[in-house]
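In what follows, a structure is listed as structure tokens, so that the remarks can point back to it.
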Amino acid sequence: MPNPAPKEDTWAFNPIGSPFPDNPVKVLGQQNMYVALWYKNGKPVHGYAWNDGGVVQASFPYGKAELTGKVDLGGMIQVLQYKGDHNSLGYWYEWIKYKDRFEKTDERQLVRCGDSMPILWVNRPGGTLLGYLNMKTEEAYFSQAGKAECVVGKPLSEMMIIIRNLKGGPPGCVCASCPKGPPPVLIMLNEWADIRMGDPWPGYRTVRAGDKTLNATAGDCAEQHVALWYVHGEPVMGRIWNNGGK
Numbered sequence: 096m097p098n099p100a101p102k103e104d105t106w107a108f109n110p111i112g113s114p115f116p117d118n119p120v121k122v123l124g125q126q127n128m129y130v131a132l133w134y135k136n137g138k139p140v141h142g143y144a145w146n147d148g149g150v151v152q153a154s155f156p157y158g159k160a161e162l163t164g165k166v167d168l169g170g171m172i173q174v175l176q177y178k179g180d181h182n183s184l185g186y187w188y189e190w191i192k193y194k195d196r197f198e199k200t201d202e203r204q205l206v207r208c209g210d211s212m213p214i215l216w217v218n219r220p221g222g223t224l225l226g227y228l229n230m231k232t233e234e235a236y237f238s239q240a241g242k243a244e245c246v247v248g249k250p251l252s253e254m255m256i257i258i259r260n261l262k263g264g265p266p267g268c269v270c271a272s273c274p275k276g277p278p279p280v281l282i283m284l285n286e287w288a289d290i291r292m293g294d295p296w297p298g299y300r301t302v303r304a305g306d307k308t309l310n311a312t313a314g315d316c317a318e319q320h321v322a323l324w325y326v327h328g329e330p331v332m333g334r335i336w337n338n339g340g341k
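The sequence shown begins at 96 in the working numbering and counts up by one.
Right under this line is the structure:
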């Protein structure tokens with residue numbers, strides 16, 4: 096069954112330091128980097144947000160500087176969300192190479208705001224970064240550690256951009272509308288879901304500690320599951336448990 100007419104993108108409006116929004120769109124291959132948007136003097140600029148101990152932090156390139164934190168980013172930033180699936184929204188997000196942006200234009204739409212488009216520098220020395228591309232000048236800007244970098248020309252071709260795919264569902268989609276593919280391979284990348292303290296306990300399968308009921312001390316839950324949390328940008332492993340359905 097074809098997808099319905101595509102709806103508009105959904106952006107959560109958040110001041111820096113506010114609770115991190117639900118259903119954020121994660122950057123390709125990154126565990127704690129999300130697509131973000133900010134306006135500087137009325138002009139849109141894309142960058143990246145991250146979950147810092149449950150609250151929003153973000154980084155945006157502007158000129159030769161990185162703008163981050165409450166002082167630099169006064170007011171609201173926006174975090175891209177995906178609340179639903181291709182059956183309800185009419186699209187799903189896909190990352191493609193910048194050089195392929197003119198292919199299949201009847202079933203692909205660029206994620207953009209004005210002349211700004213998110214662009215991912217995957218093979219960047221020093222680590223992957225999400226920045227923005229000025230679509231008029233074809234200059235890409237990225238920010239980290241207080242500085243901004245500008246990239247032009249041939250290197251842009253291999254960078255990744257995010258698009259709205261209007262055809263069918265994503266690979267591995269388990270909805271009733273999508274055909275069932277072959278069984279998954281036995282070895283896969285770890286998959287982490289984004290949930291918050293107090294959210295309903297997830298309906299999908301989570302990984303139990305030791306894959307068994309533990310001989311826990313008095314007062315501790317014996318059914319413990321593997322969890323990951325970020326504080327000041329650093330990953331910390333821990334445990335979660337089901338407390339009355341939350």
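We treat Cβ as the ideally placed atom computed from N, Cα and C, and that holds for glycine.
Boundaries (first-last residue) of the alpha helix (DSSP H) holding residue i
i      : result
Asp147 : Taken as a continuous stretch (DSSP letters only), Asp147 belongs to no alpha helix (DSSP H), being part of the beta strand (DSSP E) at 138-147.
Val166 : 164-167
For residue i, the first and last residue of its enclosing beta strand (DSSP E)
i      : result
Asn182 : Careful: Asn182 lies outside any beta strand (DSSP E), inside the alpha helix (DSSP H) at 181-184.
Gly221 : Segment: none, Gly221 is in no beta strand (DSSP E) and carries neither H nor E.
Pro330 : 329-335
Lys135 : 129-135
Ile172 : 171-176
Pro156 : 150-157
Distance cut-off 8 Å: residue i Cβ against heavy atoms of the ligand ZN
i      : result
Val269 : Looking at this structure, you won't find the ligand ZN or any other ligand, since it has none at all.
Backbone secondary structure at residue i - three-state DSSP
i      : result
Pro318 : Contrary to the premise, residue 318 reads as Glu rather than Pro in this sequence. If DSSP states are grouped into helix, strand and coil, Glu318 belongs with coil.
Gly209 : coil
Leu251 : helix
Ala243 : strand
Lys194 : helix
Ile305 : According to the sequence displayed, residue 305 carries Gly and not Ile. Reduced to three states, the DSSP call for Gly305 is helix.
Backbone CA spacing between residue i and residue j [nearest angstrom]
i      : j      : result
Asp210 : Tyr227 : 10 Å
Gly276 : Ala160 : 47 Å
Ala65  : Ala153 : The shown model of the chain, from 96 to 341, leaves out residue 65, and the question about it has no answer.
Val120 : Val302 : 23 Å
Gly298 : Pro156 : 38 Å
Lys199 : Asn182 : 20 Å
Ser252 : Leu261 : 23 Å
Gly137 : Ile172 : 13 Å
Pro139 : Lys249 : 24 Å
Ala240 : Gly305 : 39 Å
Pro265 : Thr312 : 43 Å
Asp147 : His327 : 5 Å
Leu162 : Asp195 : 30 Å
Gly164 : Ala144 : 11 Å
Selected residue, minimal CA-CA separation from residue i, among the options
i      : options                        : result
Gly179 : Asp306, Tyr188, Glu161         : Tyr188
Leu123 : Lys192, Phe155, Gly263, Gly185 : Lys192
Arg334 : Leu323, His327, Met96          : Leu323
Trp296 : Leu309, Gly164, Met254, Trp336 : Trp336
Leu168 : Phe108, Gly149, Gln176, Arg300 : Phe108
Test: residue i CB closer than 9 Å to a CB of chain C
i      : result
Trp296 : Considering every chain present, this structure includes no chain C. It has just one protein chain.
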